[in-house]
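*Asks:*
2 protein chains.
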Amino acid sequence: MLRQTGNQSAAGPGSQRAPSSVPSIAPLFDSIELAGVTMSFDGNVEIFGEGEPADYIYKVLNGSVRTYRVLTDGRRQITAFHLPGDVFGLESAEDHSCSAEAISQAIVLVVKRSALLAAADREANVARQLWRVTARALRQSQDHSMLLVKSAQERVASFLLEMAGRLSGASAVELPMTRQDIADYLGLTIETVSRTLTQLQGAATIELPASRRIVLRNRSALNRLDS
Amino acid sequence: MLRQTGNQSAAGPGSQRAPSSVPSIAPLFDSIELAGVTMSFDGNVEIFGEGEPADYIYKVLNGSVRTYRVLTDGRRQITAFHLPGDVFGLESAEDHSCSAEAISQAIVLVVKRSALLAAADREANVARQLWRVTARALRQSQDHSMLLVKSAQERVASFLLEMAGRLSGASAVELPMTRQDIADYLGLTIETVSRTLTQLQGAATIELPASRRIVLRNRSALNRLDS
DNA sequence: CGTGCATTTGACGGGGCTCAATCGCCGTGG
DNA sequence: CCACGGCGATTGAGCCCCGTCAAATGCACG
Numbered sequence: 021m022l023r024q025t026g027n028q029s030a031a032g033p034g035s036q037r038a039p040s041s042v043p044s045i046a047p048l049f050d051s052i053e054l055a056g057v058t059m060s061f062d063g064n065v066e067i068f069g070e071g072e073p074a075d076y077i078y079k080v081l082n083g084s085v086r087t088y089r090v091l092t093d094g095r096r097q098i099t100a101f102h103l104p105g106d107v108f109g110l111e112s113a114e115d116h117s118c119s120a121e122a123i124s125q126a127i128v129l130v131v132k133r134s135a136l137l138a139a140a141d142r143e144a145n146v147a148r149q150l151w152r153v154t155a156r157a158l159r160q161s162q163d164h165s166m167l168l169v170k171s172a173q174e175r176v177a178s179f180l181l182e183m184a185g186r187l188s189g190a191s192a193v194e195l196p197m198t199r200q201d202i203a204d205y206l207g208l209t210i211e212t213v214s215r216t217l218t219q220l221q222g223a224a225t226i227e228l229p230a231s232r233r234i235v236l237r238n239r240s241a242l243n244r245l246d247s
Numbered sequence: 021m022l023r024q025t026g027n028q029s030a031a032g033p034g035s036q037r038a039p040s041s042v043p044s045i046a047p048l049f050d051s052i053e054l055a056g057v058t059m060s061f062d063g064n065v066e067i068f069g070e071g072e073p074a075d076y077i078y079k080v081l082n083g084s085v086r087t088y089r090v091l092t093d094g095r096r097q098i099t100a101f102h103l104p105g106d107v108f109g110l111e112s113a114e115d116h117s118c119s120a121e122a123i124s125q126a127i128v129l130v131v132k133r134s135a136l137l138a139a140a141d142r143e144a145n146v147a148r149q150l151w152r153v154t155a156r157a158l159r160q161s162q163d164h165s166m167l168l169v170k171s172a173q174e175r176v177a178s179f180l181l182e183m184a185g186r187l188s189g190a191s192a193v194e195l196p197m198t199r200q201d202i203a204d205y206l207g208l209t210i211e212t213v214s215r216t217l218t219q220l221q222g223a224a225t226i227e228l229p230a231s232r233r234i235v236l237r238n239r240s241a242l243n244r245l246d247s
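Line by line, the protein sequences give chains A and B.
Residue numbers for the first sequence follow the working numbering, beginning at 21 and rising by one.
Residue numbers for the second sequence follow the working numbering, beginning at 21 and rising by one.
(1) Starting from Glu111(A), find everything on chain B with Cβ-Cβ shorter than 7 Å and list it in chain order.
(2) Leu228(A) to Thr218(A), Cα distance in whole Å?
(3) Examine chain B for any beta-carbon lying closer than 8 Å to the beta-carbon of Leu150(A), and answer yes or no.
(4) Count the other CB atoms, across all protein chains shown, that sit within 10 Å of the CB of Thr154(A); report buried if there are 16 or more and exposed otherwise.
(5) Does the Cβ of Glu114(A) have 16 or more other Cβ atoms within 10 Å, making it buried, or fewer, making it exposed?
(6) Within the same chain, show all residues whose beta-carbon is closer than 8 Å to that of Ile226(B), passing over the 5 residues directly before and after it, in chain order.
(7) Taking the C-alpha atoms as reference points, what is the distance between Glu121(A) and Phe108(A)?
(8) Give the secondary structure of Arg215(B) by DSSP, where H, G and I count as helix, E and B as strand, and everything else as coil.
(9) Tell me the rounded alpha-carbon separation between Asn145(B) and Pro104(B).
(10) Grouping DSSP H, G and I as helix and E and B as strand, with all else coil, what is Leu110(A)?
(11) Short of 8 Å in beta carbon distance, which residues of its chain neighbour Pro160(A), apart from the five on each side in sequence? Order them along the chain.
(12) Between Ile98(B) and the rest of its own chain, which residues show a CB-CB distance below 8 Å, the 5 nearest in sequence each way excluded?
(13) Can you tell me where the beta strand (DSSP E) with Gln97(A) in it begins and where it stops?
(14) From this set, Arg96(B), Gly94(B), Glu111(B), Asn82(B), which residue's C-alpha is nearest Glu72(B)'s C-alpha?
(15) List, in order along the chain, the chain A residues whose C-beta lies closer than 7 Å to that of Thr99(B)?
(16) How would you write the range of the beta strand (DSSP E) that Ile127(A) sits in, first residue to last?
(17) Buried or exposed, going by whether 16 or more other CB atoms sit within 10 Å of the CB of Glu211(A)?
(18) Which term fits Glu194(A), buried or exposed, when burial requires 16 or more other beta carbons within 10 angstroms of its beta carbon?
(19) Specify the secondary structure class of Ser119(A) as computed by DSSP and reduced to three states.
(20) Could you list which residues in chain A have their beta carbon closer than 8 Å to that of Ser117(B), in chain order?
(21) When the Cα of Ser171(B) is compared with those of Leu208(A), Thr198(A), Glu174(A), which residue comes out closest?
(22) CB Asp62(A) to CB Gln125(A), shorter than 8 Å?
(23) What residue range is occupied by the uninterrupted beta strand (DSSP E) comprising Glu66(A)?
(24) List the endpoints of the continuous beta strand (DSSP E) containing Thr198(B).
(25) Would Leu91(B) pass as an interface residue toward chain A - the criterion being a Cβ-Cβ separation below 8 Å?
(26) Would you please verify whether the beta carbon of Ser51(B) is less than 8 Å from any beta carbon of chain A?
(27) Out of Val130(A), Ile77(A), Glu182(A), which one is the CA nearest neighbour of Gly56(A)?
(28) Output the boundary residues of the alpha helix (DSSP H) element that contains Thr154(B).
(29) Kindly identify the DSSP beta-bridge partner or partners of Val57(B).
(30) Output the distance between the C-alpha atoms of Ser178(B) and His164(B), rounded to the nearest integer angstrom.
(31) Just to check my reading of the structure: Thr198(A) and Val128(A) have Cβ atoms closer than 8 Å, yes? What is that Cβ distance to the nearest angstrom?
(32) Helix, strand or coil for Arg233(B)? Go by DSSP, reduced to three states.
(33) Which first and last residues belong to the beta strand (DSSP E) in which Asn82(B) is found?
(34) From the DSSP secondary-structure annotation, give me the bridge partner or partners of Val309(B).
(35) Consider the Cβ of Leu81(A): report whether some Cβ of chain B lies at a distance smaller than 8 Å.
(36) Return helix, strand or coil for Leu228(B), following the three-state DSSP convention.
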């Protein structure tokens with residue numbers, strides 16, 4: 021198993037190379053022999069930084085990744101969580117508009133942007149996939165904007181439903197991220213997130229066997245809050 | 021001058037056709053003879069609705085357009101304002117993820133989605149432009165998300181700077197939208213928007229000769245608030 | 001068992017929302 | 001020319017949700 025840790029920022033494929041052929045399943049990365057390189061990042065290690073040249077495009081194979089921006093006063097806003105199968109880092113501009121960090125240990129497929137764009141020029145199918153993935157990210161970003169204007173209860177309920185849908189789809193969720201991550205994603209404080217969760221637990225809407233583990237007891241109540 | 025008003029929703033090019041050749045300047049729409057159709061919409065008239073099939077892609081030639089979503093409880097969140105030159109309605113999915121309305125009278129270039137996608141399949145250059153425009157919209161959506169976690173003062177300051185940059189770039193701005201539009205864009209109430217503006221006027225940061233007209237007196241103070 | 005970090009819980013204050021009244025602008029008609 | 005009505009915008013009063021500050025609890029690891 022390959023492992024590349026402590027690799028700070030501006031992560032192009034470094035010394036460790038993947039065992040050549042990676043069975044890429046994603047629509048964007050198959051049909052082309054872009055055979056990227058896989059890299060592994062420890063938790064809280066930067067994958068790329070805001071403002072850095074966007075020379076690579078990434079796909080989560082394992083683990084989870086957060087992309088975020090930092091305001092001048094230090095507040096951090098997480099723009100998206102990326103789970104296995106998700107593509108991130110697609111920028112049309114030269115530079116990344118946000119930073120990316122592994123949440124816990126994550127294995128990521130890395131593809132040279134120039135190679136992908138060249139392939140897109142050659143094969144219309146690749147170009148179409150590239151556009152679809154970007155358009156889907158746009159829709160998700162808009163979904164996220166909708167979150168940010170709701171009440172704390174609505175934001176937390178929406179978040180739980182989103183995560184339950186993306187991780188397993190079952191009613192038991194093993195969250196990969198901390199309360200601080202959740203708070204920065206929802207535009208709340210950790211205290212408000214925590215209080216809202218215990219409040220939902222008190223209403224028998226959810227159950228909290230462990231801080232990272234959440235069981236959805238009453239999905240319709242959550243959907244009602246989702247508004 | 022062509023004019024097509026009261027055209028409710030699901031707006032495909034209707035009976036009125038443009039005087040054939042439209043000098044399209046936008047990167048996305050030139051280099052192809054997609055010679056779309058221009059349509060005119062009165063203020064507050066729907067151009068397309070959320071959930072409707074996304075059969076067309078649009079570009080503002082004149083006037084301004086808002087795209088928005090409505091939450092189940094009736095709250096409206098404006099996702100973006102589209103000014104002359106802006107492209108909107110690009111969806112990879114079959115259906116529109118939001119609704120679009122003209123703010124005041126607006127003239128819009130309409131291009132069949134299938135034609136644009138076919139052209140993208142034939143010409144790599146078109147495909148690249150399509151991707152670039154979508155990626156830029158993604159970045160703008162993320163910028164918008166950053167707005168929504170700031171304080172009221174910061175949101176209004178950011179909004180004024182954004183609009184000043186997009187309309188003219190000068191320090192005098194003639195806003196096309198109402199206070200309600202601004203509030204729904206910033207995730208605030210009209211009262212808070214209004215109070216914040218008068219507050220900024222009191223601090224000699226801006227001037228309000230008319231409710232729609234705003235003069236930026238102290239740009240650096242606004243930048244400081246923008247945080 | 002002790003240390004460190006994440007999470008929870010509590011008390012309190014303030015920023016923005018709600019409800020309501022007033023103002024200002026503009027078009028219409030007497 | 002002015003009165004009136006309608007609508008958008010402003011202003012005021014009160015309250016509540018959520019942020020802030022602080023302390024306690026739980027949990028993993030040495």
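A virtual CB, placed ideally from N, CA and C, is assigned to each residue, including glycine.
*Replies:* By the coordinates alone:
(1) The residue given as residue 111(A) occupies position 91 in the first sequence. Within 7 Å Cβ-Cβ: Ala155.
(2) Walking along the first sequence from the start, residue 228(A) turns up at place 208. Walking along the first sequence from the start, residue 218(A) turns up at place 198. Rounded to the nearest angstrom, the two C-alpha atoms are 8 Å apart.
(3) Reading the first sequence from its first residue, position 130 is the one you call residue 150(A). It does: the Cβ of Leu150(A) has a partner Cβ on chain B nearer than 8 Å.
(4) The count along the first sequence starts at 1 and reaches residue 154(A) at position 134. The residue is buried, with at least 16 neighbouring Cβ atoms inside 10 Å.
(5) Position 94 of the first sequence holds residue 114(A). Exposed: under 16 other Cβ atoms inside 10 Å.
(6) Residue mapping note: residue 226(B) aligns to position 206 of the second sequence, counting from 1. Cβ neighbours of Ile226(B) beyond the five flanking positions: Leu180, Leu217, Leu220, Ile234, Val235, Leu236, Arg237, Asn238, Leu242.
(7) The residue given as residue 121(A) occupies position 101 in the first sequence. The residue given as residue 108(A) occupies position 88 in the first sequence. Whole-angstrom Cα-Cα distance: 11 Å.
(8) The sequence position of residue 215(B) within the second sequence is 195, counting from 1. Helix, per DSSP.
(9) Residue numbering aside, residue 145(B) sits at position 125 when the second sequence is read from its first letter. Residue numbering aside, residue 104(B) sits at position 84 when the second sequence is read from its first letter. Approximately 23 Å between the Cα atoms of the pair.
(10) As a position in the first sequence, residue 110(A) is number 90, starting the count at 1. Here DSSP, grouped into helix, strand and coil, assigns Leu110(A) to coil.
(11) On the first sequence, position 140 is the one that residue 160(A) refers to. Rather than Pro, the amino acid found at residue 160(A) in this sequence is Gln. Around Gln160(A): Ala100.
(12) The residue labelled residue 98(B) in the question sits at position 78 within the second sequence. Hits under 8 Å: Arg86, Thr87, Tyr88, Asp201, Asp204, Tyr205.
(13) Residue 97(A) sits at position 77 when you count from the first residue of the first sequence. 96 to 102 is the span of the beta strand (DSSP E), which, as asked, contains Gln97(A).
(14) For the purposes of this step, residue 72(B) is taken as residue 52 along the second sequence, with counting starting at 1. Selected option, being the one with the closest Cα: Glu111(B).
(15) Here residue 99(B) refers to the residue found at position 79 of the second sequence. Ordered by position in chain A, the residues that pass the 7 Å Cβ test against Thr99(B) are Gln162, Ser165.
(16) Taking the first residue of the first sequence as 1, we reach residue 127(A) at position 107. 126 to 132 is the extent of the beta strand (DSSP E) around Ile127(A).
(17) Position 191 of the first sequence, counting from 1, holds the residue named residue 211(A). Exposed, since its Cβ has fewer than 16 Cβ neighbours within 10 Å.
(18) Here residue 194(A) corresponds to residue number 174 of the first sequence, with the count starting at 1. Taking all protein chains shown into account, Glu194(A) has fewer than 16 neighbouring C-beta atoms within 10 Å of its C-beta and is therefore exposed.
(19) Your numbering for residue 119(A) matches position 99 in the first sequence. DSSP places Ser119(A) in strand when its eight states are reduced to three.
(20) Position 97 of the second sequence, counted from the start, is the residue given in the question as residue 117(B). Within 8 Å Cβ-Cβ: Arg159, Gln162.
(21) By one-based count along the second sequence, residue 171(B) stands at place 151. Ser171(B) has its Cα closest to that of Leu208(A), out of Leu208(A), Thr198(A), Glu174(A).
(22) Against the first sequence, residue 62(A) aligns to sequence position 42. Against the first sequence, residue 125(A) aligns to sequence position 105. Closer than 8 Å, so yes.
(23) For the purposes of this step, residue 66(A) is taken as the residue at position 46 of the first sequence. Taken as a continuous stretch (DSSP letters only), the beta strand (DSSP E) holding Glu66(A) covers 66 to 68.
(24) As a first step, residue 198(B) must be located in the second sequence, where it is residue number 178. Note, Thr198(B): premise wrong, no beta strand (DSSP E); not H, not E.
(25) Position 71 of the second sequence, counted from the first residue, corresponds to residue 91(B). Interface residue, yes.
(26) Position 31 of the second sequence, counting from 1, holds the residue named residue 51(B). Reliability fails at Ser51(B), whose pLDDT of 48 lies under 50, so the model's placement of it is uncertain and the value that follows must be treated cautiously. No - not a single Cβ of chain A is within 8 Å of the one on Ser51(B).
(27) The residue you call residue 56(A) lines up with position 36 of the first sequence. Among Val130(A), Ile77(A), Glu182(A), the Cα nearest to that of Gly56(A) belongs to Val130(A).
(28) Within the second sequence, residue 154(B) is the residue found at index 134, counting from 1. Per DSSP, Thr154(B) belongs to the alpha helix (DSSP H) from 144 to 167.
(29) In the second sequence, counting from the first residue as 1, residue 57(B) sits at position 37. Val57(B) is bridged by DSSP to Val130(B).
(30) Position 158 of the second sequence, counting from 1, holds the residue named residue 178(B). Position 144 of the second sequence, counting from 1, holds the residue named residue 164(B). Their Cα atoms are separated by approximately 10 Å.
(31) Within the first sequence, residue 198(A) is the residue found at index 178, counting from 1. Within the first sequence, residue 128(A) is the residue found at index 108, counting from 1. The Cβ separation is near 20 Å, so there is no contact.
(32) Looking up residue 233(B) in the second sequence gives position 213. Strand at Arg233(B).
(33) On the second sequence, residue 82(B) is found 62 positions in, with the first residue counted as 1. Per DSSP, Asn82(B) belongs to the beta strand (DSSP E) from 76 to 82.
(34) Residue 309(B) falls outside the range modelled here, since chain B spans only 21 to 247, and no answer is possible.
(35) Translated into the one-based positions of the first sequence, residue 81(A) becomes position 61. So, not an interface residue.
(36) One-based indexing of the second sequence puts residue 228(B) at position 208. Correct three-state label for Leu228(B): strand.
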